[in-house]
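For the sequence shown, the positions run 1 to 238 when full-length UniProt numbering is used.
Glycine is no exception: its CB is placed at the ideal position from the N, C-alpha and C atoms.
Everything below concerns the one structure shown next.
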Amino acid sequence: MGPLETAKKAAACKAVDEFVKTNSVVGIGSGSTVIYAVHRLAERVKDEKLKIVCVPTSFQARQLIVNSHLVLGDLETHPRIDCVIDGADEVDEELNLIKGGGGCLLQEKIIASCAEDMIVIADYTKNSERLGQQYKKGIPIEVIPMAYVPIQRKIEDNYGGLAKIRMAIAKAGPVVTDNGNFILDWHFPDDLEKSWKVINSEIKMIPGVVETGLFINMAKKAYFGMADGTVTEQSLDG
Ligand code: 5RP
Numbered sequence: 001m002g003p004l005e006t007a008k009k010a011a012a013c014k015a016v017d018e019f020v021k022t023n024s025v026v027g028i029g030s031g032s033t034v035i036y037a038v039h040r041l042a043e044r045v046k047d048e049k050l051k052i053v054c055v056p057t058s059f060q061a062r063q064l065i066v067n068s069h070l071v072l073g074d075l076e077t078h079p080r081i082d083c084v085i086d087g088a089d090e091v092d093e094e095l096n097l098i099k100g101g102g103g104c105l106l107q108e109k110i111i112a113s114c115a116e117d118m119i120v121i122a123d124y125t126k127n128s129e130r131l132g133q134q135y136k137k138g139i140p141i142e143v144i145p146m147a148y149v150p151i152q153r154k155i156e157d158n159y160g161g162l163a164k165i166r167m168a169i170a171k172a173g174p175v176v177t178d179n180g181n182f183i184l185d186w187h188f189p190d191d192l193e194k195s196w197k198v199i200n201s202e203i204k205m206i207p208g209v210v211e212t213g214l215f216i217n218m219a220k221k222a223y224f225g226m227a228d229g230t231v232t233e234q235s236l237d238g
């Protein structure tokens, strides 16, 4: 296993071991790091007879749950989630996140908003002082397809930068999310004057914007796996 995969696995296993308790409802995030968390959950269910219900944040997460023979739930049956374990594209020193590199930001944010604790698992490349320092693919913004051009214009006129529609790789045309929407990746300028909290609220007010990949004041703790398999932890209380 290479250094990045070692790091992802280490962070995922530590978070699952420290945060998931029996008789709990667990939100399952999306992305490549979460795969290790689901494998560790399945191990613990088998070895410790842990009783958990897993609520997915995407089609990918649902498949992971089903294929690992974990108990699948949803927000209708389990509107209150104990903890969600999810990846991130970047984490700043205040635990603000960019998410949505995998295009699952909307359901990820809904599940995080229903969770008592949001726990982030990531490799060492995601740990930044400020958003945009390391992650250069922009802030994902999920939009209603018919409105994507006016939304692009409004974001670029209001804040600068470029809001590019995300194109699919194994399909002609744009990426279509699990919810049937498009994604704009906003490559923002370095000299933004407003706080992420304000920018997030303002962008969400643009008609046709469904959700942003800015997760502000949502995460409780982040586990960063290192290349040697050790894990560093970051939480707001030290
Ligand atoms: C998907 C996400 C992922 O959590 C994020 O992209 C990190 O993925 P990975 O663990 O593969 O680096 O937000 O929408």
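For a cut-off of 8 Å, the C-beta gap from Y135 to D89 is around 5 Å, short enough to register as a contact. When the five nearest sequence neighbours on each side are left out, the beta carbons in the same chain lying within less than 7 Å of the beta carbon of D74 are those of V55, in order along the chain. Boundaries of the beta strand (DSSP E) around T232: 231-235.
9 Å or more divides the Cβ of A61 from the Cβ of Y36.
The way I'd put it, the stretch 212-220 doesn't touch the stretch 170-182; fewer than three beta-carbon pairs between them come closer than 8 Å. Secondary structure of E18 (DSSP, three-state): helix. With fewer than 16 other beta carbons inside 10 angstroms of its own, M1 counts as exposed.
Under the criterion of beta carbons closer than 8 Å, E116 and D86 do not qualify as touching, at roughly 14 Å. In the three-state DSSP reduction, C13 falls in the helix class (H, G or I). Secondary structure in the stretch 40-98: the beta strand (DSSP E) runs of 3 residues or longer, each lying completely within the stretch, are 52-56, 81-86 in chain order. With a threshold of 16 other beta carbon atoms within 10 Å, F59 falls short and is exposed. With a cutoff of 8 Å, A88 counts as near the ligand 5RP, since its C-beta is closer than that to a heavy atom of the ligand.
Here the alpha carbons of G29 and E108 stand approximately 6 Å from one another. Sequence-distant partners of F19 (beyond 5 residues in either direction) whose C-beta falls short of 6 Å from its own C-beta, in its chain, are C83, I119. In terms of side-chain proximity, the C-beta atom of A227 is found no nearer than 8 Å to any non-hydrogen atom of the ligand 5RP.
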